[in-house]
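A.B. asks:
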Amino acid sequence: MNDSGQPLPADDTDPAVRAAGGWGRLRQGVIYRDGVSGGRPAVPTAYPELERRAARVLSAKAYAYVAGSAGLEGTADANRRALDRRRIVPRMLRDVSARDLSVELFGRRLASPLLLAPIGVLELAHPEADVAVARAAAAEGVPYILSTQASRPMEECAAAMGDAPRWFQLYWSKSEELVASFLRRAEAAGCEALVVTLDTTVLGWRARDLDLGSLPFSQGQGIAQYTSDPVFLRLAAERAGQPKTGPKPKVTAAAVRSLLSIARTHPGPTGRNLRSPLPRAAVETFLDIFSRQDLTWGDLARLRTMTRLPILLKGLQHADDARRALDAGVDGVIVSNHGGRQVDGAIGSLDALPGIVEAVGGRVPVLFDSGVRGGVDVFKALALGARAVCVGRPYFYGLALAGADGVRQVLQNLRGELDLTMALTGSASLTEITPDLLAAA
Numbered sequence: 001m002n003d004s005g006q007p008l009p010a011d012d013t014d015p016a017v018r019a020a021g022g023w024g025r026l027r028q029g030v031i032y033r034d035g036v037s038g039g040r041p042a043v044p045t046a047y048p049e050l051e052r053r054a055a056r057v058l059s060a061k062a063y064a065y066v067a068g069s070a071g072l073e074g075t076a077d078a079n080r081r082a083l084d085r086r087r088i089v090p091r092m093l094r095d096v097s098a099r100d101l102s103v104e105l106f107g108r109r110l111a112s113p114l115l116l117a118p119i120g121v122l123e124l125a126h127p128e129a130d131v132a133v134a135r136a137a138a139a140e141g142v143p144y145i146l147s148t149q150a151s152r153p154m155e156e157c158a159a160a161m162g163d164a165p166r167w168f169q170l171y172w173s174k175s176e177e178l179v180a181s182f183l184r185r186a187e188a189a190g191c192e193a194l195v196v197t198l199d200t201t202v203l204g205w206r207a208r209d210l211d212l213g214s215l216p217f218s219q220g221q222g223i224a225q226y227t228s229d230p231v232f233l234r235l236a237a238e239r240a241g242q243p244k245t246g247p248k249p250k251v252t253a254a255a256v257r258s259l260l261s262i263a264r265t266h267p268g269p270t271g272r273n274l275r276s277p278l279p280r281a282a283v284e285t286f287l288d289i290f291s292r293q294d295l296t297w298g299d300l301a302r303l304r305t306m307t308r309l310p311i312l313l314k315g316l317q318h319a320d321d322a323r324r325a326l327d328a329g330v331d332g333v334i335v336s337n338h339g340g341r342q343v344d345g346a347i348g349s350l351d352a353l354p355g356i357v358e359a360v361g362g363r364v365p366v367l368f369d370s371g372v373r374g375g376v377d378v379f380k381a382l383a384l385g386a387r388a389v390c391v392g393r394p395y396f397y398g399l400a401l402a403g404a405d406g407v408r409q410v411l412q413n414l415r416g417e418l419d420l421t422m423a424l425t426g427s428a429s430l431t432e433i434t435p436d437l438l439a440a441a
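full-length UniProt numbering numbers the first residue of the sequence shown as 1 and each following residue consecutively.
Here's what the structure looks like:
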């Protein structure tokens, strides 16, 4: 048991994993044994059906928020096309009887190269939101990158994870005091690295959300890191004490529902929040200070003085930016286009990966994000030089279908497919997943 009373996650040396013949055989065995009694996985093993099933249980606004991408969603399509253009070339007669999926990141040995990417507003998927994901990540030994736009405070997630690995993702606010407070809290909560998202200085043109007039943050959703922060609460209180200016909102049924949502999501009793100006001031304050548009490379030196954590930059797509990141002394980079949610018509993230890996030259870890839907996608990113891979939408859908257990099943399926793909391509370890195992389609 770990410090929070949870069973320790298995790794490649676990007797059950070895007895089954690897992660993939273990996962298959569980599913097929249940199938003898008529059982079916609560979480579909293939992404298309996973998304379809989740879409049936999510509200229209929740599904639009997570499934949608920028504009005509060409970048999301490009992510998939980039992965599909690379085809696997299996190699034969290699001893793969024992496979090692482990990888080391920042001094910690991880059982697999998977991480849970930061996703905001998880309350759209499940009432337990980030805490359910935290429990699942801890149980599977997978690092969870806690989102700035979380629905539950980082301290609650940390309490659910014990000593399991977690990182913190930062949107750099206009309030430097708030940034410093977030970083102090992340360190105190046991986060082991800081992921700075660079590609969201403003929200992209997300047509699905726009057509529904839906921005969760304006309903008070996804701002729990803020409303649990003493610096932010002081800023919101100062705003609440100022005279109201500008046009008054129309009194409609939708406006009343929004007010109720804001009151329910703000800390404290709903009735008291309905009478207080603070919850609405908190939403307005968040919308004002969410992110900075004037950040430059020179700001990274100041960030370094604000935290002792390793710093990774997320959102890189150009090799020159990777070189500048190294010059700035960062500890890692994440090749990502935010799952296509920010810039429409951009290149697929996997197309950007080889150039960035070459520019970095092994000096810091290069992680990959955007478009990953299965273990085969993880394999391809590793073959092109990624040290580890972040997974996003699949676990959101698993959370929607079955809470923490749904997230665990998504992770087990990804790891199982990766393990079997390694076995069938002659790769006994991650170091043996090399570019020569891929060919252009």
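All C-beta atoms in this analysis are idealised placements derived from N, C-alpha and C, irrespective of residue type, glycine included.
Can you give me the C-alpha to C-alpha distance between Ala62 and Arg91, rounded to a whole angstrom?
C.D. replies: 43 Å
A.B. asks: Considering only their Cβ atoms, is the gap separating Gly24 from Gly374 smaller than 8 Å?
C.D. replies: Gly374 is not a Cβ neighbour of Gly24, given a cutoff of 8 Å.
A.B. asks: Which first and last residues belong to the alpha helix (DSSP H) in which Val410 is found?
C.D. replies: Arg393 to Thr425
A.B. asks: Pop quiz: Ser370 and Gly340 are said to be a contact at Cβ under 8 Å. What is the actual Cβ separation, rounded to whole angstroms?
C.D. replies: 7 Å
A.B. asks: In terms of residue numbering, what span does the beta strand (DSSP E) encompassing Thr296 cover?
C.D. replies: From DSSP, Thr296 is part of no beta strand (DSSP E); its letter is neither H nor E.
A.B. asks: Report the option in Leu105, Glu432, Ala428 and Ser214 whose CA atom is closest to the CA atom of Leu384.
C.D. replies: Glu432
A.B. asks: Short of 6 Å in beta carbon distance, which residues of its chain neighbour Pro118, apart from the five on each side in sequence? Order them along the chain.
C.D. replies: Ile145, Ser147 and Gln169
A.B. asks: Is the distance from the Cβ of Val131 to the Cβ of Ser181 below 8 Å?
C.D. replies: Ser181 is positioned such that its CB atom lies no closer than 8 Å to that of Val131.
A.B. asks: What separation, rounded to the nearest whole angstrom, lies between the Cα atoms of Arg234 and Pro269?
C.D. replies: 19 Å
A.B. asks: Counting pairs of beta carbons, one from the region 321–336 and one from the region 237–244, are three or more of them closer than 8 Å?
C.D. replies: no
A.B. asks: Count the other CB atoms, across all protein chains shown, that sit within 10 Å of the CB of Tyr395; report buried if there are 16 or more and exposed otherwise.
C.D. replies: buried
A.B. asks: Within a Cβ cutoff of 6 Å, which residues of the same chain sit near Leu411, ignoring the five residues on either side of it in sequence?
C.D. replies: Glu140 and Val142
A.B. asks: I think Ser218 touches Leu295, with their Cβ atoms under 8 Å apart; what is that distance to the nearest whole Å?
C.D. replies: That belief does not hold up - the Cβ atoms of Ser218 and Leu295 are roughly 24 Å apart, past 8 Å.
A.B. asks: Once DSSP output is grouped into helix, strand and coil, what is the label at Glu104?
C.D. replies: If DSSP states are grouped into helix, strand and coil, Glu104 belongs with the strands.
A.B. asks: Of the residues Gln221, Ser97, Thr434 and Leu367, which one's Cα is nearest the Cα of Leu114?
C.D. replies: Leu367
A.B. asks: Are there three or more Cβ pairs, one per stretch, closer than 8 Å when the region 242–250 is compared with the region 159–169?
C.D. replies: Output reads no: the region 159–169 does not touch the region 242–250.
A.B. asks: Can you tell me which of the three DSSP states Tyr171 falls into?
C.D. replies: coil
A.B. asks: What residue from Arg80, Leu105, Glu73 and Arg272 has the CA that sits closest to Gly204's CA?
C.D. replies: Glu73
A.B. asks: What three-state label does DSSP hand Asp3 in the structure shown?
C.D. replies: At Asp3, the pLDDT of 47 sits below 50, so the modelled position is not reliable and the matter cannot be decided from this model.
A.B. asks: Grab the span of the alpha helix (DSSP H) containing Phe368 for me, first residue to last.
C.D. replies: No alpha helix (DSSP H) holds Phe368; the beta strand (DSSP E) holding it covers Val366 to Phe368.
A.B. asks: Suppose you measure from the CA of Val364 to the CA of Gly38; what does that come to, to the nearest Å?
C.D. replies: 48 Å
A.B. asks: Output needed for residue 442: all residues of its chain with C-beta closer than 6 Å, excluding positions within five of it in sequence on either side, in chain order.
C.D. replies: The chain is shown from 1 up to 441; residue 442 falls before or after that span and cannot be answered.
A.B. asks: Run through the DSSP bridge pairs and tell me what Thr197 is partnered with.
C.D. replies: For Thr197, which the question treats as bridged, DSSP gives the partners Lys314.
A.B. asks: Expressed to the nearest angstrom, what Euclidean distance is found between the alpha-carbon atoms of Ser258 and Pro216?
C.D. replies: 10 Å
A.B. asks: Contact between the region 81–99 and the region 422–438: three or more CB pairs below 8 Å?
C.D. replies: yes
A.B. asks: Which stretch, first to last residue, makes up the alpha helix (DSSP H) that contains Leu438?
C.D. replies: Here Leu438 belongs to no alpha helix (DSSP H); instead the beta strand (DSSP E) covers Leu438 to Ala440.
A.B. asks: Using only CA atoms, which one of Thr265, Ile311, Ser291 and Leu437 lies nearest to Ser151?
C.D. replies: Considering only alpha carbons, the answer is Thr265.
A.B. asks: Taking the C-alpha atoms as reference points, what is the distance between Ala136 and Lys250?
C.D. replies: 42 Å
A.B. asks: Let me make sure I understand the geometry here. Which of Ala55, Arg56 and Ala111 has the alpha-carbon closest to that of Val17?
C.D. replies: Ala111
A.B. asks: Could you tell me the boundaries of the beta strand (DSSP E) in which Ile88 lies?
C.D. replies: Arg86 to Ile88
A.B. asks: Could you tell me which residues DSSP pairs with Val335 in its beta bridges?
C.D. replies: Leu316 and Phe368
A.B. asks: Is Val343 near Leu316, with beta carbons less than 8 Å apart?
C.D. replies: no
A.B. asks: Excluding five sequence neighbours on each side, which residues of the same chain lie with their C-beta closer than 7 Å to the C-beta of Trp297?
C.D. replies: Answer for Trp297: Arg324 and Ala328, listed in chain order.
A.B. asks: Verify whether the separation of the beta carbon atoms of Met154 and Gln221 is less than 8 Å.
C.D. replies: Cβ distance not < 8 Å, so Met154 and Gln221 don't count as in contact.
A.B. asks: Within 10 angstroms of the Cβ of Ser173, are there 16 or more other Cβ atoms? Answer buried if so, exposed if not.
C.D. replies: By the Cβ neighbour-count rule, Ser173 is buried, with 16 or more other Cβ atoms within 10 Å of its own.
A.B. asks: I need the straight-line Cα distance from Ala400 to His126, nearest angstrom please.
C.D. replies: Rounded to whole angstroms, Ala400 to His126 spans 6 Å at the Cα level.
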